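Engineer: Every letter in the sequence shown is one number past the one before it in the numbering used here, and letter 240, counting from 1, is 222.
Heads up, the beta-carbon is just placed ideally off N, CA and C, and yes, glycines get one too.
In this text the structure is predicted, and so the values were computed from the model without any measurement.
Okay, handing you the structure first.
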Amino acid sequence: MSSSFVRFALVLLFVMQLGADCAVAADVVKVATFNCEWLNRRRIWVKYGLPLKLTPQDDAIWNSREFRDGKYREAARAVAAAIREIDADVIGLTEVGDESDVRDLRDFVKEAGLDYPFWAAAHSTDTFTNQNVAVLSKRELKQILPEIPGREGFDLELDDPENEDTTGISKGMSVVFTAAGRPVNFYVLHLTSELGGHEKDAQRVAQASIVRRHYLKPMLRGEHVIITGDLNDNRDQPTIRRIRGRDDIEEDLVQTAGPTFHARKQDEPDESWNARLRNHWTYEYAGRREQIDHILISPSVVEACSKENQRRQIGIHFLDLNHRFDNDTRRASDHRAVLLTLEFHE
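See below:
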């Protein structure tokens, strides 16, 4: 056997091993956000189509803990089936209940065939709706922060800068897991509603400022950041711009939906590209489809999910979930889920 052949064989073996090592090094993580639409036991009647404030007649029925428990379990099983279909590694949930409710939901998901050994619920301060946010995870949660601290001022009136108020974040949390050996700071948020005019819009932007201040600390340390949840604003609106950092000097978060991140493919017809982008929505109101549930990622995530001379290894899906309850008359949620697949290479 010639020495040149031996050298060739050794080089080939090295290249094959290098390729195998690279394949093993990739760490694929699926993250998602899903609004469970009023899945909280204390206000479960809203999920069945009743107003938040019940009539005395309805209150007499729904005030029974046993009755509410049964209705909660029925609805939770439908939501659990939807979560099972999403099949994320780490999922942020909005419009859920307290820790007990989330524990029950996690058990129903396991009953449906998907186990999340790690989970956490936020410490919600929303006493009006009693809604909350939570995380279910297949990956160990290295750190759990059940609330996002801080307050921010905002103007109550457009034409009166002296009329101010402050706000915090009533439904928000963060956890830390690892991907490819690096910490990932995963936030779940439900910002204040769009209903209420300027005051609510200004309050929502103020809440976005709190979020921005909080995640900048780990991001500037070089850690990954992922923001998820129902942010109650569309991609081009001030709340999203503020959370991303579009109006300050630090690095911006990346919007994972829309035309900027999903540029037209080579030789792709306009009709095909526009059809893809029209699918980037999560909620329909008065016939208008918008994306109010978001997944935003730090530039470090994009970099870690990119290989030299190759397109970033990131894929997004907007999921229609048709699981039903209440004699098949109601869907598990009126929101679509967002699922992001991240292939970390470092």
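1. Using 8 Å as the threshold, is the C-beta distance between LEU112 and ARG25 below it?
2. Alpha carbons only, please: which of ALA94, GLU328 and SER82 is nearest the one belonging to TRP101?
3. Per DSSP, what kind of secondary structure is CYS4 in: helix, strand or coil?
4. Between VAL72 and HIS305, what straight-line distance do the alpha-carbon atoms span, to the nearest angstrom?
5. Helix, strand or coil: how does DSSP classify TYR267 here?
6. Give me the Cα-Cα distance between ARG223 and ASP51, rounded to the nearest whole angstrom.
7. Roughly how many angstroms separate the alpha carbons of LEU123 and PRO200, rounded to a whole number?
8. Rounding to the nearest angstrom, what Cα-Cα distance links LEU202 and LEU301 in this structure?
9. If you measure between the beta carbons of ILE65 and VAL91, is that distance less than 8 Å?
10. Shortest alpha-carbon distance to GLN273 belongs to which of SER282, GLN189, GLU176 and LEU198?
11. Closest by CA to ASP69, which one among PHE307, GLU328 and VAL320?
12. Let me check understanding here. Comparing Cα to Cα, which of ALA268, ARG313 and GLY135 lies closest to ARG59?
13. If you reduce the DSSP assignment to three classes, tell me which class ASP80 lands in.
14. How many angstroms separate the CA atom of HIS262 from the CA atom of THR149?
15. What are the partner residues of LYS12, as DSSP defines its beta bridges?
16. Would you report the Cα separation of GLU67 and ASP234, rounded to the nearest angstrom?
17. If you measure between the beta carbons of ALA286 and PHE326, is that distance less than 8 Å?
18. Give the single residue among VAL283, LEU36 and GLU328 whose Cα lies nearest to the Cα of PHE168.
19. Any idea if HIS172 is buried or exposed, counting beta-carbon neighbours within 10 angstroms, 16 or more meaning buried?
20. Opposite ARG306 in the DSSP bridges: which residues?
21. Run the CB neighbour count on HIS180, radius 10 Å, all protein chains shown included, and call it buried at 16 or more, exposed below.
22. Which same chain residues end up closer than 8 Å to ILE341 when comparing Cβ atoms and leaving out the 5 residues on each side of it in sequence?
23. CB-CB under 6 Å to VAL139, same chain, minus the five flanking residues each way: which ones, in chain order?
24. Report the three-state DSSP secondary structure of ILE225 (helix, strand or coil).
25. Quick check: what's the CA-CA separation for SER156 versus VAL115?
26. Any chance you could list the beta strand (DSSP E) runs of at least 3 consecutive residues sitting entirely within the segment 176 to 214, in chain order?
27. Using the rule of at least 16 other Cβ atoms within 10 Å of the residue's Cβ for burial, across every protein chain shown, is GLU253 buried or exposed?
28. What does ALA94 pair with, by DSSP beta-bridge criteria?
29. Leaving out the 5 sequence neighbours to the left and right, which residues in its chain are closer than 8 Å to ASP229 when beta-carbon positions are compared?
30. Looking at the secondary structure, which residues open and close the beta strand (DSSP E) in which VAL158 lies?
31. Look at the alpha carbon of ASP80 and the alpha carbon of ALA257, and state the distance between them as a whole number of angstroms.
32. Apart from the five residues on each side of it in sequence, which residues of its chain come closer than 7 Å, Cβ to Cβ, to TRP44?
Structural biologist: Judging by the given coordinates:
1. Position 130 of the sequence shown, counting from 1, holds the residue named residue 112. Position 43 of the sequence shown, counting from 1, holds the residue named residue 25. The sequence given here places Asn at residue 112; Leu does not occur at that position. Cβ atoms of ASN112 and ARG25: closer than 8 Å.
2. For this step, residue 101 is matched to residue 119 along the sequence shown. Here the closest residue by C-alpha is SER82.
3. The residue you call residue 4 lines up with position 22 of the sequence shown. Since pLDDT at CYS4 reaches only 45, below the 50 mark, its modelled position is unreliable, and the value read off the structure follows with that caveat. Three-state DSSP puts CYS4 in a helix.
4. Locating residue 72 in the sequence shown gives position 90, counting from the first residue. Locating residue 305 in the sequence shown gives position 323, counting from the first residue. Straight-line Cα distance between these residues: approximately 21 Å.
5. Your numbering for residue 267 matches position 285 in the sequence shown. If DSSP states are grouped into helix, strand and coil, TYR267 belongs with the strands.
6. Here the question's residue 223 lines up with position 241 in the sequence shown. Here the question's residue 51 lines up with position 69 in the sequence shown. Approximately 40 Å, taken between the alpha carbons.
7. Here residue 123 is taken as the residue at index 141 of the sequence shown, counted from 1. Here residue 200 is taken as the residue at index 218 of the sequence shown, counted from 1. One C-alpha to the other measures close to 16 Å.
8. As a first step, residue 202 is located in the sequence shown; it is residue number 220 there, counting from the start. As a first step, residue 301 is located in the sequence shown; it is residue number 319 there, counting from the start. Each residue's Cα considered, the two are about 33 Å apart.
9. As a first step, residue 65 must be located in the sequence shown, where it is residue number 83. As a first step, residue 91 must be located in the sequence shown, where it is residue number 109. Their beta carbons are under 8 Å apart, which means ILE65 touches VAL91 by this criterion.
10. Numbered from 1 along the sequence shown, position 291 holds the residue referred to as residue 273. The residue with the shortest Cα to Cα distance from GLN273 is GLU176.
11. Here residue 69 refers to the residue found at position 87 when the sequence shown is read from its first residue. With distances taken between Cα atoms, ASP69 lies closest to VAL320.
12. Taking the sequence shown and counting its residues from 1, the one referred to as residue 59 is at position 77. Closest by alpha carbon: ARG313.
13. Stepping through the sequence shown from its first residue, residue 80 is reached at position 98. It is coil, neither helix nor strand.
14. Translated into positions along the sequence shown, residue 262 becomes position 280. Translated into positions along the sequence shown, residue 149 becomes position 167. When rounded, the distance between both Cα atoms is 30 Å.
15. In the sequence shown, the residue the question calls residue 12 occupies position 30. Answer by DSSP bridge pairing, in chain order: THR323.
16. Counting from 1 along the sequence shown, the entry for residue 67 is found at position 85. Counting from 1 along the sequence shown, the entry for residue 234 is found at position 252. So the two alpha carbons sit approximately 32 Å from each other.
17. In the sequence shown, residue 286 corresponds to position 304, counting from 1. In the sequence shown, residue 326 corresponds to position 344, counting from 1. For ALA286 and PHE326, yes; Cβs fall inside 8 Å.
18. Taking the first residue of the sequence shown as 1, we reach residue 168 at position 186. That would be VAL283, whose Cα lies nearest to the Cα of PHE168.
19. In the sequence shown, residue 172 corresponds to position 190, counting from 1. Under this definition HIS172 is a buried residue.
20. The residue given as residue 306 occupies position 324 in the sequence shown. Its beta-bridge partners are ARG313.
21. Numbered from 1 along the sequence shown, position 198 holds the residue referred to as residue 180. It counts as exposed.
22. Given that the chain is displayed from residue -17 to residue 328, the structure contains no residue 341 and the question cannot be resolved.
23. Stepping through the sequence shown from its first residue, residue 139 is reached at position 157. Note that residue 139 corresponds to Glu in the displayed sequence, not to Val. So the list reads ASN145, once near-sequence residues are dropped.
24. The count along the sequence shown starts at 1 and reaches residue 225 at position 243. Note: ILE225 maps to helix in three-state DSSP.
25. Locating residue 156 in the sequence shown gives position 174, where the first residue counts as 1. Locating residue 115 in the sequence shown gives position 133, where the first residue counts as 1. Their Cα atoms are separated by approximately 10 Å.
26. 206 to 212
27. Taking the sequence shown and counting its residues from 1, the one referred to as residue 253 is at position 271. Classification of GLU253: exposed, given that the 10 Å Cβ count is below 16.
28. As a position in the sequence shown, residue 94 is number 112, starting the count at 1. Bridge partners of ALA94: none, in fact.
29. Taking the sequence shown and counting its residues from 1, the one referred to as residue 229 is at position 247. If we look at ASP229 and ignore the five residues flanking it on each side, its Cβ neighbours are ARG223.
30. By one-based count along the sequence shown, residue 158 stands at place 176. Its beta strand (DSSP E) spans residues 154 to 161.
31. To locate residue 80, count along the sequence shown from 1; it is residue 98. To locate residue 257, count along the sequence shown from 1; it is residue 275. If I take the Cα positions, the gap works out to 39 Å.
32. The sequence position of residue 44 within the sequence shown is 62, counting from 1. These residues qualify, in order along the chain: TRP27, LEU36 and ARG50.
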